[in-house]
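What follows is one structure encoded as structure tokens, with my remarks underneath.
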Amino acid sequence: MENATLVELRPSGDLLDPNFSSYKLSLDPIPMHETTLPAKVDHLLRSEEQFSLQHVKLFGLHNHLLYDPWNLDDVYYVDKDKTVKRNVVDKETGKLSGVSKVWNIPSTHERRAGHYSPSGYFPAKDLVLLSDGAGTLHLIHSGERVKPDKAESQWKVLFTNEVCGEEVPYVVVHARDIAEEKDESANVIEGRKVHCLLLHVEEAKKVKGQKDLPQIKEKGTKSSHTSFVSVLEWIILEEDYCSFWAAQNFCLVNKDGAWSVGRRRKLCGFAIPEYAAVCEDGISLTISSEEPFIFITDTGKPLKDEIPEKKEDTEKDGEPAEKRKPVDDTSARIEWMENLDEVRLSLPLEGSSQALNPYSNFVCYIYLL
């Protein structure tokens with residue numbers, strides 16, 4: 000996949016109910032759970048250099064609560080001490096059972112201006128993807144998260160790396176786990192893959208890739224576009240085949256070569272996406288944004304320009320430009336006549352000869368009423 004496809008969403012007439020009158024607002028109370036936190040949430044504000052609209056949306060819309068889709072009653076957050084905390088709704092009482100410590104984020108960077116708030120995602124029932132907000136990504140084997148009494152002891156690091164560059168902060172937008180591949184005999188031939196979708200805002204002049212960013216102009220002005228761009232990093236973490244058998248023996252301690260960075264892809268746009276996710280097939284993305292996103296880097300294959308540059312006086316089919324015969328464009332000439340009663344359009348047909356047949360033209364009359 001090189002270029003993004005723009006999809007226009009339109010309502011389907013077959014799904015519309017002609018007898019629909021209105022929605023009825025439910026008066027049932029919405030469940031709300033409150034609890035006192037032993038330590039404040041690790042919440043970071045924008046620095047003076049992070050003044051763009053992209054920065055405002057990225058920081059302002061950040062959700063500090065991490066939702067676990069595999070356990071609907073669990074919620075996580077990261078506090079000021081870089082500790083992952085968990086709170087579970089008791090199914091019998093319907094109240095929060097209390098905050099419990101799960102894991103400490105081993106970050107080597109001190110908090111400074113320009114960092115992001117911690118973020119994370121749960122790509123599988125036994126995997127957790129966490130970012131410390133300072134550029135380090137952690138892939139963690141969590142075991143069965145449904146058991147709160149054993150949650151802390153089961154979290155073990157599988158992979159740790161600054162995947163976007165040294166101390167480049169980002170937000171984990173989405174992640175998806177792709178199961179291992181097996182042959183006909185049910186033998187594993189390839190380990191698991193975790194697709195990570197990371198978002199950060201950078202100055203346009205500092206973003207480098209296989210393709211240059213397009214020069215888009217702001218509406219109503221002649222100046223170049225905003226100096227900041229939104230960058231989506233699509234990174235695949237791969238489990239090496241040699242480490243699969245160690246994992247089968249429940250040897251889940253982080254080992255050299257157990258997990259590594261595979262294919263990298265980078266997309267850029269001039270807006271913060273409203274929604275972005277890796278599709279279930281693992282070969283495409285779904286992005287909803289006010290501005291289009293384009294691929295500028297792909298380590299899997301070289302990217303081609305969407306609109307190739309027009310080159311004058313270059314060789315074509317091995318023949319210099321000055322020796323090429325000029326193209327006869329008389330066949331594409333359109334004659335137009337107009338009076339008070341009608342408009343007459345005339346154009347020659349393909350392959351016709353005016354010398355042999357002077358009436359070999361297609362004529363269209365438009366009558367004015």
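Residue numbering for the sequence shown is 0 to 368, as defined by numbering that gives the first Met the number 0. Just so you know, even glycine gets a beta-carbon here, dropped at the ideal spot from N, CA and C. Here the structure is a predicted model, which is why all the values come from computation and not from measurement.
Legend entry - Residue range of the beta strand (DSSP E) that includes L198: Within the sequence shown, residue 198 is the residue found at index 199, counting from 1. L198 -> beta strand (DSSP E) spans K192 to E202.
Inset, instruction - Might you give, ordered along the chain, the residues of its own chain that have their beta carbon closer than 8 Å to the beta carbon of S287, omitting 5 neighbours on each side? - result: Residue mapping note: residue 287 aligns to position 288 of the sequence shown, counting from 1. The answer, listed in chain order, is P272, E273, Y274 and A275.
Legend entry - Environment of I306 [buried if 16+ CB atoms lie within 10 Å]: Within the sequence shown, numbered from 1, the residue matching residue 306 stands at position 307. Confidence at I306 is low in this model, with a pLDDT of 43, below 50, so the placement of that residue is unreliable and no value is reported for it.
Inset, instruction - Apply the 10 Å Cβ neighbour rule to I29 and answer buried if 16 or more other Cβ atoms are within range, or exposed otherwise. - result: Sequence index remark: in the sequence shown, residue 29 carries index 30 (1-based). So I29 ends up on the exposed side.
Inset, instruction - Report yes or no: do the stretch 112–121 and the stretch 88–100 share at least 3 C-beta pairs separated by less than 8 Å? - result: They do not touch, by the three-pair rule.
Inset, instruction - Could you tell me the distance, in whole angstroms, from the CA atom of V162 to the CA atom of E7? - result: Stepping through the sequence shown from its first residue, residue 162 is reached at position 163. Stepping through the sequence shown from its first residue, residue 7 is reached at position 8. Their backbone Cα atoms lie some 33 Å apart in a straight line.
Inset, instruction - Report yes if the C-beta distance between L302 and Q209 is below 7 Å; otherwise report no. - result: Here residue 302 refers to the residue found at position 303 when the sequence shown is read from its first residue. Here residue 209 refers to the residue found at position 210 when the sequence shown is read from its first residue. Yes, these two residues count as a Cβ contact at 7 Å.
Inset, instruction - Verify whether the separation of the beta carbon atoms of W277 and H194 is less than 7 Å. - result: Here residue 277 refers to the residue found at position 278 of the sequence shown. Here residue 194 refers to the residue found at position 195 of the sequence shown. A small correction: the amino acid at residue 277 is Val; Trp does not occupy that position in the sequence shown. For V277 and H194, yes; Cβs fall inside 7 Å.
Inset, instruction - Can you tell me which of R191, V171 and E166 puts its alpha carbon nearest to the alpha carbon of I177? - result: Looking up residue 177 in the sequence shown gives position 178. A check of alpha carbon separations from I177 across R191, V171 and E166 identifies R191 as the nearest.
Legend entry - 6 Å CB neighbourhood of D89 in its chain, flanking five on each side removed: Translated into the one-based positions of the sequence shown, residue 89 becomes position 90. Hits under 6 Å: S96.
Legend entry - Per DSSP, cross-strand counterpart(s) of H137: Here the question's residue 137 lines up with position 138 in the sequence shown. DSSP lists L129 and T159 as partners of H137.
Inset, instruction - Evaluate contact between the stretch 259–267 and the stretch 288–298, counting only Cβ atoms and requiring at least three cross-stretch pairs below 8 Å. - result: With a cut-off of 8 Å on Cβ pairs, the stretch 259–267 is in contact with the stretch 288–298, counting three or more such pairs.
Inset, instruction - Would you check if the distance between the CB atom of G132 and the CB atom of P168 is smaller than 7 Å? - result: Against the sequence shown, residue 132 aligns to sequence position 133. Against the sequence shown, residue 168 aligns to sequence position 169. Cβ atoms of G132 and P168: closer than 7 Å.
Inset, instruction - Pull up the distance between the alpha-carbon of H54 and that of S229, whole angstroms please. - result: As a working mapping, residue 54 is identified with position 55 in the sequence shown. As a working mapping, residue 229 is identified with position 230 in the sequence shown. In a straight line, the C-alpha of H54 is about 9 Å away from that of S229.
Inset, instruction - For N86, count neighbouring C-beta atoms within 10 Å of its own C-beta (all shown protein chains included) and say buried if the count is 16 or more, exposed if not. - result: For the purposes of this step, residue 86 is identified with residue 87 of the sequence shown, where counting begins at 1. Flag for N86 reads buried.
Inset, instruction - Look up K100 in the DSSP assignment and say whether it is helix, strand or coil. - result: Residue numbering aside, residue 100 sits at position 101 when the sequence shown is read from its first letter. Looking at K100 - three-state DSSP - the assignment turns out to be strand.
Legend entry - Per-residue burial, E314 [other beta carbons within 10 Å of its own, 16 or more giving buried]: Here residue 314 refers to the residue found at position 315 of the sequence shown. For E314, the predicted model reports a pLDDT of 49, less than 50, meaning its position is unreliable and no value from the coordinates is stated.
Inset, instruction - Output the distance between the C-alpha atoms of N160 and V127, rounded to the nearest integer angstrom. - result: Here residue 160 corresponds to residue number 161 of the sequence shown, with the count starting at 1. Here residue 127 corresponds to residue number 128 of the sequence shown, with the count starting at 1. Answer to the nearest angstrom: the Cα atoms are 15 Å apart.
Legend entry - Proximity to K81 [Cα-Cα], best of M31, A257, K207 and V40: On the sequence shown, position 82 is the one that residue 81 refers to. Of the candidates M31, A257, K207 and V40, the one whose C-alpha sits nearest the C-alpha of K81 is V40.
Inset, instruction - Just grab the DSSP bridge partners of V230 for me. - result: Numbered from 1 along the sequence shown, position 231 holds the residue referred to as residue 230. Looking at the DSSP assignment, V230 forms a beta bridge with H199 and C267.
Inset, instruction - Find out if the Cβ-Cβ distance for the pair V170, L196 is shorter than 7 Å. - result: Here residue 170 refers to the residue found at position 171 when the sequence shown is read from its first residue. Here residue 196 refers to the residue found at position 197 when the sequence shown is read from its first residue. Not in contact: V170 and L196 (Cβ atoms no closer than 7 Å).
Inset, instruction - Just tell me which of E279, A174, E337 and E289 has its CA closest to the CA of I235. - result: If you number the sequence shown from 1, residue 235 lands on position 236. Nearest neighbour of I235 by Cα position, chosen from E279, A174, E337 and E289, turns out to be A174.
Legend entry - Inter-residue Cα distance where the pair is M31 and G93: In the sequence shown, counting from the first residue as 1, residue 31 sits at position 32. In the sequence shown, counting from the first residue as 1, residue 93 sits at position 94. Their Cα atoms are separated by approximately 10 Å.
Inset, instruction - Within its chain, find whatever has a CB closer than 7 Å to the CB of T298; leave out the 5 residues flanking it on each side and keep chain order. - result: Working through the sequence shown from its first residue, we reach residue 298 at position 299. Hits under 7 Å: R262 and R263.
Inset, instruction - Report the partner residues of S287 according to the DSSP bridge assignment. - result: Here the question's residue 287 lines up with position 288 in the sequence shown. For S287, which the question treats as bridged, DSSP gives the partners Y274.
Legend entry - Local Cβ density within 10 Å of P117, reported as buried at 16 or more and exposed below that: Locating residue 117 in the sequence shown gives position 118, where the first residue counts as 1. Classification of P117: buried, given that the 10 Å Cβ count is 16 or more.
Legend entry - Residue environment, P17, which counts as buried when at least 16 other CB atoms sit within 10 Å: On the sequence shown, residue 17 is found 18 positions in, with the first residue counted as 1. Exposed: under 16 other Cβ atoms inside 10 Å.
Inset, instruction - Put G93 into one of helix, strand or coil per three-state DSSP. - result: In the sequence shown, counting from the first residue as 1, residue 93 sits at position 94. In this structure, DSSP gives G93 a state outside helix and strand, which the three-state scheme calls coil.
Inset, instruction - Can you say whether T35 is buried or exposed, counting buried as having 16 or more other CB atoms within 10 angstroms of its CB? - result: Taking the sequence shown and counting its residues from 1, one reaches residue 35 at position 36. Under this definition T35 is an exposed residue.
Inset, instruction - Starting from the Cα of L284, find the closest Cα among L26, W233 and K205 and give me that residue. - result: As a working mapping, residue 284 is identified with position 285 in the sequence shown. Taking only the C-alpha atoms, the option nearest L284 is W233.
Inset, instruction - Look up G119 in the DSSP assignment and give the residues it is bridged to. - result: Residue mapping note: residue 119 aligns to position 120 of the sequence shown, counting from 1. In the DSSP assignment, G119 is bridged to L129.
Legend entry - Cα-Cα separation between A123 and L136, rounded to whole angstroms: The sequence position of residue 123 within the sequence shown is 124, counting from 1. The sequence position of residue 136 within the sequence shown is 137, counting from 1. Computed Cα separation, rounded: 16 Å.
Legend entry - Sheet register partners of A174 (DSSP bridge): Counting from 1 along the sequence shown, the entry for residue 174 is found at position 175. The beta-bridge partner set that DSSP reports for A174 consists of C195.
Inset, instruction - State the Cα-Cα distance for the pair F50 and Y66, rounded to the nearest angstrom. - result: Taking the first residue of the sequence shown as position 1, residue 50 is located at position 51. Taking the first residue of the sequence shown as position 1, residue 66 is located at position 67. When rounded, the distance between both Cα atoms is 29 Å.
Legend entry - Minimum C-alpha distance to L57 - residue among L64, R45 and P68: In the sequence shown, residue 57 corresponds to position 58, counting from 1. Nearest C-alpha to L57 among L64, R45 and P68: R45.
Legend entry - Distance, L26 Cα to L138 Cα: Sequence index remark: in the sequence shown, residue 138 carries index 139 (1-based). Sequence index remark: in the sequence shown, residue 26 carries index 27 (1-based). Looking at the two C-alpha atoms, the distance is approximately 42 Å.
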